[in-house]
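Trainee: Just so we're aligned, residue 10 is where the sequence shown starts under the working numbering, counting upward by one.
C-beta: ideal position from N, C-alpha, C; glycine also.
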Amino acid sequence: MASHDALIAKLSQTATPVKRVPPVGLRVTSWLLMALPAGILMSLLLVRTATDWSQPGAGWAVAQLILVFVIGLLAIASAFNGSIAGRRTPRLRWLMLLIALWFSSAGMSLSQHPLVISDLHDTHCYTFMLTVSVPMIALVLAYLRRTRTLTPLRSLALSGTGVACMALTLLYFCHPVHVHPEDFLMHLAAIVTIVCTTMGLGWRWVNVASR
Numbered sequence: 010m011a012s013h014d015a016l017i018a019k020l021s022q023t024a025t026p027v028k029r030v031p032p033v034g035l036r037v038t039s040w041l042l043m044a045l046p047a048g049i050l051m052s053l054l055l056v057r058t059a060t061d062w063s064q065p066g067a068g069w070a071v072a073q074l075i076l077v078f079v080i081g082l083l084a085i086a087s088a089f090n091g092s093i094a095g096r097r098t099p100r101l102r103w104l105m106l107l108i109a110l111w112f113s114s115a116g117m118s119l120s121q122h123p124l125v126i127s128d129l130h131d132t133h134c135y136t137f138m139l140t141v142s143v144p145m146i147a148l149v150l151a152y153l154r155r156t157r158t159l160t161p162l163r164s165l166a167l168s169g170t171g172v173a174c175m176a177l178t179l180l181y182f183c184h185p186v187h188v189h190p191e192d193f194l195m196h197l198a199a200i201v202t203i204v205c206t207t208m209g210l211g212w213r214w215v216n217v218a219s220r
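#1: Return the Cβ separation of L42 and T178 in integer angstroms, given the expectation that the two are a contact with Cβ distance under 8 Å.
#2: Hey, could you find the ends of the alpha helix (DSSP H) T254 is sitting in?
#3: For L2, which three-state DSSP category applies?
#4: Is L139 near A86, with beta carbons less than 8 Å apart?
#5: Can you tell me the Cβ-Cβ gap for P144 and A44, rounded? I've got them flagged as a contact below 8 Å.
#6: Could you check whether the stretch 52-64 touches the stretch 173-187, counting it as contact only if at least three pairs of C-beta atoms, one from each stretch, sit closer than 8 Å?
#7: Among S39, D192, G81, I203, which has the Cα closest to the Cα of L119?
#8: Could you pull out every residue in the same chain whose Cβ sits closer than 8 Å to the Cβ of R155, ignoring the five residues on either side in sequence?
#9: Does the separation of the CB atoms of A84 and S114 fall below 8 Å?
#10: In the structure shown, what three-state DSSP assignment does H130 receive?
#11: When we look at the beta-carbon of F137 and count the other beta-carbons within 10 Å, is it buried (16 or more) or exposed?
#12: Any idea what DSSP makes of V217, helix, strand or coil?
#13: My understanding is that L150 touches L82, with C-beta atoms under 8 Å, so please give their C-beta distance in whole angstroms.
#14: Can you tell which of L55, R36, W40, L35 has the C-alpha that lies nearest to the C-alpha of V141?
Structural data, given as structure tokens:
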């Protein structure tokens, strides 16, 4: 088309208003209000026992639960904030510091008693975390696709970390207060799997949307 004015006029007739993206805080809150209930519903598919908070050492578990939840919020907020074009890339100093703090506190509170077969059978942590993370991953990918992130790998890694933390938060409510070293390795394996799954599933879907 030789006439630029005619082209602009034609495109203007088909153009629709761009809906403004809600603030990051509102997006994180809305995601949380959908993701956690969805994860809880998925957990009903598994046989779990509620945590006995009256046991000695429950204070450590409560502190770690709060810490993991805060890490999840920061990771999701950083992913959503960094996915908006023009926004400054969020610094991850505080997030890494909190992760190191959780890792240290979890390591210091590990039970020294040997893990018996019955304990291992009753704590399917890996399966639990992966199961409850399924709807959370789907929701976070839908949120990222809408903003069409310019840094998909970074946003997906942060989102996967947030989802893993929320899955671990739910696990704290149906897990023995004392964590055995072998059990802790299952937690770490689940976290790595959730992050890798989020990046793997979202790479093509979110990356294509950003082009």
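Mentor: The short version:
#1: Here residue 42 corresponds to residue number 33 of the sequence shown, with the count starting at 1. Here residue 178 corresponds to residue number 169 of the sequence shown, with the count starting at 1. 14 Å between Cβ atoms; not a contact.
#2: This structure cannot settle anything about residue 254, because the visible part of the chain is limited to 10 through 220.
#3: For the chain, the structure presents residues 10 to 220; residue 2 sits outside this window and is missing.
#4: Position 130 of the sequence shown, counting from 1, holds the residue named residue 139. Position 77 of the sequence shown, counting from 1, holds the residue named residue 86. It is not a contact, given that the beta carbons lie outside the stated cut-off.
#5: Sequence index remark: in the sequence shown, residue 144 carries index 135 (1-based). Sequence index remark: in the sequence shown, residue 44 carries index 35 (1-based). Indeed they touch by this definition, with Cβ atoms about 7 Å apart.
#6: yes
#7: For the purposes of this step, residue 119 is taken as the residue at position 110 of the sequence shown. Considering only alpha carbons, the answer is D192.
#8: One-based indexing of the sequence shown puts residue 155 at position 146. Excluding residues within five positions, the ones whose Cβ falls inside 8 Å are V30.
#9: One-based indexing of the sequence shown puts residue 84 at position 75. One-based indexing of the sequence shown puts residue 114 at position 105. Against a cut-off of 8 Å, the Cβ pair of S114 and A84 comes out as no contact.
#10: Start at 1 with the first residue of the sequence shown, and residue 130 comes out as number 121. Bear in mind that the predicted position of H130 carries a pLDDT of just 44, short of 50, making it unreliable; the figure below should be weighed with that in mind. Here H130 sits in helix by DSSP.
#11: Position 128 of the sequence shown holds residue 137. Buried.
#12: Counting from one through the sequence shown, the residue named residue 217 turns up at place 208. Caution is warranted here: a pLDDT of 48 is assigned to V217, below 50, making its placement in the model unreliable, and no coordinate value can be reported.
#13: Taking the first residue of the sequence shown as 1, we reach residue 150 at position 141. Taking the first residue of the sequence shown as 1, we reach residue 82 at position 73. Contact doesn't hold; Cβ gap of about 18 Å is too wide.
#14: Looking up residue 141 in the sequence shown gives position 132. Answer by Cα proximity: L55.
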